[in-house]
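Trainee: Before I ask anything, here is the structure I am working with.
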Amino acid sequence: MMKYIRLVTGELIPAVGLGTAGLFEDKCEQALQWALEMGYRLIDTAWAYRNQEAIGKAIRKSGVSRSEIFITSKIWRDYLNYEAALEQCDQILDQLQVDYVDLLLTHWPSDALVRMRDHPPNIVSLEETLAAFNEIHRRGKIRHIGVSNYDADLLRQAQQISTAPISVNQVHFHLNDPNCDENVSLSLVDFCHQSEVSVMAYCPLASGWCPAKGRLLQHPTLAEIANQHGKTPAQVALKWVMDRGTIIIPKSGSEVRLGQNIEIFDFELSRDQVAQLNAI
Ligand SMILES: NC(=O)c1ccc[n+]([C@@H]2O[C@H](COP(=O)([O-])OP(=O)(O)OC[C@H]3O[C@@H](n4cnc5c(N)ncnc54)[C@H](OP(=O)(O)O)[C@@H]3O)[C@@H](O)[C@H]2O)c1
Numbered sequence: 003m004m005k006y007i008r009l010v011t012g013e014l015i016p017a018v019g020l021g022t023a024g025l026f027e028d029k030c031e032q033a034l035q036w037a038l039e040m041g042y043r044l045i046d047t048a049w050a051y052r053n054q055e056a057i058g059k060a061i062r063k064s065g066v067s068r069s070e071i072f073i074t075s076k077i078w079r080d081y082l083n084y085e086a087a088l089e090q091c092d093q094i095l096d097q098l099q100v101d102y103v104d105l106l107l108t109h110w111p112s113d114a115l116v117r118m119r120d121h122p123p124n125i126v127s128l129e130e131t132l133a134a135f136n137e138i139h140r141r142g143k144i145r146h147i148g149v150s151n152y153d154a155d156l157l158r159q160a161q162q163i164s165t166a167p168i169s170v171n172q173v174h175f176h177l178n179d180p181n182c183d184e185n186v187s188l189s190l191v192d193f194c195h196q197s198e199v200s201v202m203a204y205c206p207l208a209s210g211w212c213p214a215k216g217r218l219l220q221h222p223t224l225a226e227i228a229n230q231h232g233k234t235p236a237q238v239a240l241k242w243v244m245d246r247g248t249i250i251i252p253k254s255g256s257e258v259r260l261g262q263n264i265e266i267f268d269f270e271l272s273r274d275q276v277a278q279l280n281a282i
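Residue numbers (the working numbering): 3 to 282.
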């Protein structure tokens, strides 16, 4: 009963996928095995996650055909120059042991202050990075080009520069949580959709890498609405994010929670419940 989102290319992508940051080796392989058995067909990874070998191994063991699985990977911020991006894409394919990935993202803008206090050295122009991505695309090593952590201005520039369409912007997006200052606004999500760019929401539970560290899931409004549906607060939080028209990629290494995160298609939030959640 999976729901699908239509990308700008006309292709369909599952609305719920598996995030894999922080899953390593055997635990990663086990989570992938459970997830694929449960029907997950979208896997989000990245060169920086250091788990692509385990993911490739689990996919091969699963018996699910490669063409049924949508794999997203990402080029790390320090490898966005032309040659480095081409080389890192080859490493990604090699680690996963696949001929192509379905979606390749720039993990962060070249000047992003991620894991650094000062501006990173060797800032690369968007023109150079996107020339590399378009060349990788032309060579058939990726099926879609995307970006991550882009604001509206950067996204607009990327769309103007890239020959192949920008299919996805992967951003930090969840229900409002006052403990998180990284969550993007609904208006950026709306801007992406108006620009025909699908939004892939990371940290949809305001947990994992999110500064809010899962506190949102303790909110009494979530508990109350979850009770009304016989669901968990996490399932309600994920439903709210998915209902904003986004693709969600919650991460879990637990068989029970992997199951819960994909069982969100058998209930609907009422208009009143959405209003209550919007007010959190
Ligand atoms: N593009 C980027 O810059 C970027 C940045 C961050 C993340 N991401 C991607 O987005 C994915 C998701 O983000 P995230 O992992 O940071 O945060 P998240 O999915 O919001 O939260 C994951 C955390 O929530 C717990 N959890 C999972 N399902 C749960 C449930 N049903 N009930 C209660 N707790 C639950 C997990 O613990 P258990 O494993 O113990 O279940 C884990 O600690 C990442 O794995 C990664 O693929 C991308």
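For every residue, glycine included, the Cβ atom is placed at its ideal position computed from N, Cα and C.
(1) Any heavy atom of ligand 1 within a distance shorter than 7 Å of the CB on Gly-210?
(2) Does ligand 1 have a heavy atom nearer than 7 Å to the CB of His-109?
(3) Within the same chain, show all residues whose beta-carbon is closer than 6 Å to that of Ala-37, passing over the 5 residues directly before and after it, in chain order.
(4) Give me the DSSP bridge partner(s) of Arg-8.
(5) Would Leu-207 be called buried (16 or more neighbouring beta carbons within 10 Å of its own) or exposed?
(6) Can you tell me which of Asp-92, Gly-232 and Asn-83 puts its alpha carbon nearest to the alpha carbon of Ser-75?
(7) Which residues does DSSP list as the beta-bridge partners of Met-202?
(8) Runs of 3 residues minimum, wholly inside the region 116-171: which ones carry the beta strand (DSSP E) assignment?
(9) Between Tyr-6 and Pro-222, what straight-line distance do the alpha-carbon atoms span, to the nearest angstrom?
(10) Measuring CB to CB, does Gln-99 end up less than 8 Å from Arg-62?
(11) Tell me the rounded alpha-carbon separation between Thr-47 and Ala-87.
(12) How should Ser-112 be labelled, buried or exposed, when 16 other C-beta atoms within 10 angstroms of its C-beta is the threshold for buried?
(13) In the DSSP assignment, find the unbroken alpha helix (DSSP H) run with Val-191 in it and report its ends.
(14) Would you mind reading off the limits of the beta strand (DSSP E) that contains Lys-29?
(15) Taking the continuous alpha helix (DSSP H) assigned at Ile-45, which residues delimit it?
(16) Return the residue from the list Ala-214, Gly-232 and Gly-210 that minimises the CA-CA distance to Ile-251.
(17) Would you tell me roughly how many angstroms separate the C-alpha atoms of Val-173 and Leu-188, rounded to the nearest one?
(18) Taking the C-alpha atoms as reference points, what is the distance between Val-276 and Val-201?
(19) Helix, strand or coil: which one does DSSP assign to Thr-108?
(20) With a threshold of 16 other CB atoms inside 10 Å of the CB of Leu-95, please say whether the residue is buried or exposed.
(21) What do you reckon, is the C-beta of Lys-5 under 7 Å from a heavy atom of ligand 1?
(22) Roughly how many angstroms lie between the CA atoms of Val-170 and Ser-127, to the nearest whole one?
(23) Here's the rule: buried if 16 or more other CB atoms are within 10 angstroms of the residue's CB, otherwise exposed. What is Ile-168?
(24) For ligand 1, is there a heavy atom less than 7 Å away from the beta-carbon of Ala-234?
(25) Looking at the secondary structure, which residues open and close the beta strand (DSSP E) in which Ile-77 lies?
(26) Could you check the C-alpha separation between Ala-133 and Asp-192 for me, to the nearest Å?
(27) Give the range of the alpha helix (DSSP H) segment to which Leu-240 is assigned.
(28) Compute every distance between the C-beta of Gly-247 and the non-hydrogen atoms of ligand 1, then say whether any falls below 7 Å.
(29) What does a CB cutoff of less than 8 Å around Leu-14 pick up in its chain, not counting 5 residues either side in sequence?
(30) To the nearest angstrom, how far is it from the Cα of Lys-253 to the Cα of Ala-23?
Mentor: Concretely, from the data shown:
(1) yes
(2) yes
(3) Leu-20 and Leu-260
(4) Leu-14
(5) buried
(6) Asp-92
(7) Gln-172 and Ile-249
(8) 144-150
(9) 31 Å
(10) yes
(11) 16 Å
(12) buried
(13) 188-196
(14) Per DSSP, Lys-29 belongs to no beta strand (DSSP E); it is in the alpha helix (DSSP H), 27-40.
(15) Here Ile-45 belongs to no alpha helix (DSSP H); instead the beta strand (DSSP E) covers 44-46.
(16) Gly-210
(17) 11 Å
(18) 20 Å
(19) strand
(20) buried
(21) no
(22) 20 Å
(23) buried
(24) Here the sequence assigns Thr to residue 234, which means Ala is not the residue at that position. Yes, the Cβ of Thr-234 comes within 7 Å of a heavy atom of ligand 1.
(25) 72-77
(26) 27 Å
(27) 235-244
(28) no
(29) Tyr-6, Ile-7 and Arg-8
(30) 7 Å
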